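Visitor:
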Amino acid sequence: MHHDMIQDLAEVLITEEAIAHRVRELGAEISRDYCGKELVLAGVLRGALFFLADLARAISIPLAIDFISISSYGPTTKASGVVGIRKDLDESIGGRDLLVIEDIVDTGLTLSYLLKIFRVRQPSSLQVCTFLDRKVRRIIDLPLAYRGFEIPEKFVVGYGLDYDQRYRNLPCIGILKPEVMGR
Ligand code: 5GP
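Okay, structure coming up:
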């Protein structure tokens with residue numbers, strides 16, 4: 002399965018099984034913390050797609066699902082300068098408990114932009130759940146209420162994360178071989 006894509010990997014950093022296990026833990030934690038609240042999951046497209054889908058099913062309390070898409074400069078590997086909103090949330094979040102679902106927080110620039118635009122809409126609470134956290138690269142320090150895994154400096158793909166729109170459907174998180182990235 003996924004044979005050709007797996008062959009492009011130098012290393013599998015996080016297995017499908019480890020992801021499933023961690024997502025269940027996060028789901029249980031969020032279910033406890035948000036019991037009795039008006040939880041809205043706001044997924045950041047497109048990277049958070051699978052994480053949100055799995056996480057939502059691991060949460061046992063009622064919730065709403067929404068998505069936002071932002072535009073940034075340039076292709077995947079170096080993208081960090083957010084330009085604007087391509088597709089906004091459909092839900093109004095005033096008075097509700099917004100949990101932003103991110104694929105990865107790297108420099109923190111993207112997330113800081115998102116938190117700024119969400120904060121003015123006055124949700125009851127505003128927290129972040131990121132699948133991956135590359136803390137060593139952080140420029141803006143942001144509180145992450147939930148995170149799946151902390152990862153090292155290297156560029157990763159899989160489980161929603163792409164390289165030039167490919168590898169999003171890999172069920173694991175991997176590091177690409179250098180020759181693939183130059184191709
Ligand atoms: P930040 O604004 O925190 O620097 O970057 C966040 C965004 O950059 C992520 O949402 C993601 O789209 C992209 N990104 C950062 N690191 C990686 C990575 O290792 N792999 C992939 N595929 N995208 C990344």
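Every number in my numbering is 1 more than the matching position in the sequence shown, counting from 1.
C-beta atoms are modelled at their ideal positions from N, C-alpha and C, and glycine is treated no differently.
Since the structure is predicted, the reported quantities are computational estimates derived from the model, not experimental observations.
Can you tell me whether Y35 sits near the ligand 5GP, meaning its C-beta is under 7 angstroms from at least one heavy atom of the ligand?
Guide: The residue you call residue 35 lines up with position 34 of the sequence shown. Answer for Y35: no, Cβ out of range of the ligand 5GP.
Visitor: Identify the residues that DSSP records as bridge partners of R167: which are they?
Guide: For the purposes of this step, residue 167 is identified with residue 166 of the sequence shown, where counting begins at 1. Bridge partners of R167: Y164.
Visitor: Among all the DSSP beta bridges, which residues are the ones paired with G37?
Guide: Start at 1 with the first residue of the sequence shown, and residue 37 comes out as number 36. In DSSP, G37 forms no bridge with anything.
Visitor: Three Cβ pairs or more, each shorter than 8 angstroms: is that satisfied between the segment 106 to 117 and the segment 25 to 35?
Guide: No, they do not touch.
Visitor: Could you tell me how far apart the beta carbons of S32 and I66 are, in whole angstroms, since I believe they sit closer than 8 angstroms?
Guide: In the sequence shown, the residue the question calls residue 32 occupies position 31. In the sequence shown, the residue the question calls residue 66 occupies position 65. About 15 angstroms; that fails the 8 angstroms criterion.
Visitor: Given a cut-off of 8 angstroms, decide if L100 and L50 are closer than it, judged by their beta-carbon atoms.
Guide: Mapped onto the sequence shown, residue 50 falls at position 49. Mapped onto the sequence shown, residue 100 falls at position 99. Cβ distance not < 8 angstroms, so L50 and L100 don't count as in contact.
Visitor: Just verifying my parser: in three-state terms, what is the DSSP assignment at V181?
Guide: Locating residue 181 in the sequence shown gives position 180, counting from the first residue. Note: V181 maps to helix in three-state DSSP.
Visitor: Who pairs with G175 in a beta bridge, going by DSSP?
Guide: Walking along the sequence shown from the start, residue 175 turns up at place 174. According to DSSP, which records beta bridges pairwise, G175 is partnered with V13 and V158.
Visitor: For R148 versus T131, is the C-beta distance shorter than 8 angstroms?
Guide: For the purposes of this step, residue 148 is taken as residue 147 along the sequence shown, with counting starting at 1. For the purposes of this step, residue 131 is taken as residue 130 along the sequence shown, with counting starting at 1. Yes; because the gap between Cβ atoms is below 8 angstroms, this pair is in contact.
Visitor: Can we count E180 as close to the ligand 5GP, meaning its CB is less than 7 angstroms from some heavy atom?
Guide: Working through the sequence shown from its first residue, we reach residue 180 at position 179. It does not: the Cβ of E180 is nowhere closer than 7 angstroms to a heavy atom of the ligand 5GP.
Visitor: Which of the three DSSP states is assigned to E26 in this structure?
Guide: The sequence position of residue 26 within the sequence shown is 25, counting from 1. Helix, per DSSP.
Visitor: Check the DSSP bridge columns for R148 and list the partner residues they point to.
Guide: In the sequence shown, counting from the first residue as 1, residue 148 sits at position 147. DSSP output for R148 lists T131 as bridge partner(s).
Visitor: According to DSSP, is A43 part of a helix, a strand, or is it coil?
Guide: For the purposes of this step, residue 43 is taken as residue 42 along the sequence shown, with counting starting at 1. Note: A43 maps to strand in three-state DSSP.
Visitor: Is the closest heavy atom of the ligand 5GP to the C-beta of G175 under 7 angstroms?
Guide: Against the sequence shown, residue 175 aligns to sequence position 174. Not so, every heavy atom of the ligand 5GP lies at least 7 angstroms from the Cβ.
Visitor: Report all residues from its chain with a CB closer than 7 angstroms to the CB of S72; omit the five preceding and five following residues, and keep chain order.
Guide: Counting from one through the sequence shown, the residue named residue 72 turns up at place 71. Here the set comprises V84, G85 and R87.
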